[in-house]
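Below is one structure, written out as structure tokens, with a few remarks after it.
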Amino acid sequence: MSCDFLALAQPGVQKLSPYVPGKPVDELARELNLDPRTIVKLASNENPLGPSPRVIEAIRAQLDELTRYPDGNGFLLKQKLAQRYEVGIEQVTLGNGSNDILELVARAYLAPGLNAVFSEHAFAVYPIATQAVGAQAKAVPAKQWGHDLDAMLAAIDTNTRVVFIANPNNPTGTWFGAEALERFLVAVPEHVLVVLDEAYIEYAADGELPDGLAFLNTHPNLLVSRTFSKAYGLAALRVGYAICSAQIADVLNRVRQPFNVNSIALAAACAALDDGEYLNRSRASNAAGMQQLEAGFSELGLEWIPSRGNFIAVDFGQDAAPINQALLRDGVIVRPVAGYGMPTFLRVSIGTETENARFLDVLRKVLGR
Ligand SMILES: *Cc1c(COP(=O)(O)O)cnc(C)c1O
1 MSCDFLALAQ
11 PGVQKLSPYV
21 PGKPVDELAR
31 ELNLDPRTIV
41 KLASNENPLG
51 PSPRVIEAIR
61 AQLDELTRYP
71 DGNGFLLKQK
81 LAQRYEVGIE
91 QVTLGNGSND
101 ILELVARAYL
111 APGLNAVFSE
121 HAFAVYPIAT
131 QAVGAQAKAV
141 PAKQWGHDLD
151 AMLAAIDTNT
161 RVVFIANPNN
171 PTGTWFGAEA
181 LERFLVAVPE
191 HVLVVLDEAY
201 IEYAADGELP
211 DGLAFLNTHP
221 NLLVSRTFSK
231 AYGLAALRVG
241 YAICSAQIAD
251 VLNRVRQPFN
261 VNSIALAAAC
271 AALDDGEYLN
281 RSRASNAAGM
291 QQLEAGFSEL
301 GLEWIPSRGN
311 FIAVDFGQDA
321 APINQALLRD
331 GVIVRPVAGY
341 GMPTFLRVSI
351 GTETENARFL
361 DVLRKVLGR
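So the sequence shown is numbered by full-length UniProt numbering: it starts at 1 and just counts up by one.
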């Protein structure tokens with residue numbers, strides 16, 4: 001080797017570890033010589049219902065246009081979102097997943113010498129997006145696994161440009177209410193962009209979680225990011241969006257890749273937005289599955305963190321890595337969260353009733369209870 005290209009990477013990048021996704025079914029099947037059809041994956045907060053038939057139909061209708069670039073402005077989807085949420089179309093930014101939105105924010109507003117504030121045990125993409133542009137990531141200790149919004153306020157300094165808050169948070173599932181959000185927004189300095197990550201908002205029943213969009217008019221430094229990857233069931237297609245002031249949206253649009261959302265994703269997301277029945281089914285199935293897992297954990301004498309997402313973090317009170325390994329050997333993939341500072345926990349995505357039951361059966365066996 002002539003040159004050390006790790007040493008040449010910018011310092012923030014050298015300190016990063018790559019994002020660790022949930023283990024793919026095919027990978028485990030190859031490793032253990034298992035039939036992929038017998039494997040249950042509850043590791044990436046994916047929608048267990050399979051895609052909406054209306055989405056499949058919309059995708060088929062797009063296939064003849066594959067030689068064309070997509071609408072780089074995403075007009076139809078932005079228009080639909082603007083109508084749905086009663087905001088101006090100029091307030092909507094589309095992303096290649098909401099991860100893309102988080103990166104657009106970092107590229108536009110962070111740089112060496114500046115910092116972003118977020119919570120301990122928060123989504124792994126916040127430090128990645130922040131350090132990738134040479135800014136400092138300030139992780140604030142959590143309170144009972146959730147965001148300590150007062151401590152996060154106290155961590156904001158003159159070099160802070162962005163605060164990332166997730167409601168509910170992944171991987172803890174913790175959430176805060178409208179009053180806490182309002183108090184936070186009122187106290188955040190005007191020059192700090194608050195990114196409110198609502199990736200799981202559609203799972204909450206009415207009034208269970210504050211609607212970030214309701215705070216946009218009074219707080220022009222607020223950006224709400226949402227995704228089609230979870231309750232809408234389109235994780236494979238990578239489409240998310242931000243709603244914020246027209247001025248911030250204009251800034252994000254300057255750093256956006258011209259065709260960041262592909263035409264199939266655009267068509268699918270439009271169809272998904274129109275399929276209220278699918279969304280209701282997602283919500284109902286998730287609520288039932290959450291109860292099923294909680295009842296199972298309770299029976300096994302396990303503690304968990306109450307969650308408003310489509311996943312739940314369960315505590316084994318001991319290193320969870322061997323338990324994870326044993327689950328894998330029996331064809332059950334869940335998510336270790338030691339990398340999030342939670343070594344005694346596993347995060348389990350809510351599956352179908354059958355998948356949840358299989359997971360609980362295997363877990364019972366693994367724990368010898
Ligand atoms: C899953 C998730 C997202 C969504 O990611 P996409 O890029 O839209 O698939 C965003 N934020 C959090 C906290 C998540 O858990």
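Glycine is no exception: its CB is placed at the ideal position from the N, C-alpha and C atoms.
Because the structure is a prediction, the values reported are computed rather than measured.
By the beta-carbon neighbour count (other beta carbons within 10 angstroms, threshold 16), A231 is buried.
Here the region 297-309 makes no contact with the region 90-108; the two share fewer than three CB pairs at distances below 8 Å.
At a Cβ-Cβ threshold of 8 Å, A313 and G173 count as neighbours. Here V255 is exposed, its C-beta having fewer than 16 other C-beta atoms within 10 Å. Residue burial annotation: H121 is buried, with at least 16 other C-beta atoms found within 10 angstroms of its C-beta.
In the three-state reduction of the DSSP assignment, Y126 falls in the helix class, which pools H, G and I. Beta-bridge annotation (DSSP): P36 is not paired with any residue.
Annotation for D197 indicates a beta carbon within 7 Å of some heavy atom of ligand 1. DSSP, read as helix, strand or coil, puts A231 in coil. Nearest in C-alpha terms to L104, of all of N253, V362 and P322, is N253. Counting only the Cα atoms, G207 lies some 9 Å from G177. In this structure, F228 and G240 form a Cβ contact; the two beta carbons are roughly 6 Å apart against a cut-off of 8 Å.
Between N159 and V261, the gap from beta carbon to beta carbon reaches 8 Å or more.
Excluding sequence positions up to five before and after Y85, its CB lies within less than 7 Å of the CB of L213 and I243, all in the same chain and listed in chain order.
L346 and V40 have their alpha carbons spaced roughly 15 Å apart. Here A135 carries a coil assignment [DSSP, helix/strand/coil]. Using a Cβ distance threshold of 8 Å, D275 and R54 count as a contacting pair. Bounds of any alpha helix (DSSP H) do not take in E86, whose DSSP letter is neither H nor E. Shortest Cα-Cα distance from E353 to any of P11, L8, R30 and L42 involves L42. Set against 7 Å, the gap from the CB of G212 to the closest heavy atom of ligand 1 is not smaller. Boundaries of the alpha helix (DSSP H) around I59: P53 to Q62.
Annotated three-state conformation of T354 is helix, per DSSP. With 16 or more other Cβ atoms inside 10 Å of its own Cβ, Q131 counts as buried. By the neighbour-count criterion, in which a residue is buried when 16 or more other Cβ atoms sit within 10 angstroms of its Cβ, G72 is exposed. Counting of Cβ neighbours within 10 angstroms places N167 among the buried residues, the total reaching 16 or more. Relative to L216, the option among E182, N310, A235 and A129 whose CA is nearest is E182. Under the Cβ criterion (8 Å, minimum of three pairs), the region 187-196 does not count as touching the region 319-326.
Taking D197 as reference, the option from H147, P24, T218 and A142 with the minimal CA-CA separation is H147. By the CB criterion at 8 Å, S225 and N169 fall outside the cutoff.
Buried is the label assigned to Q292, since at least 16 other Cβ atoms lie within 10 Å of its Cβ.
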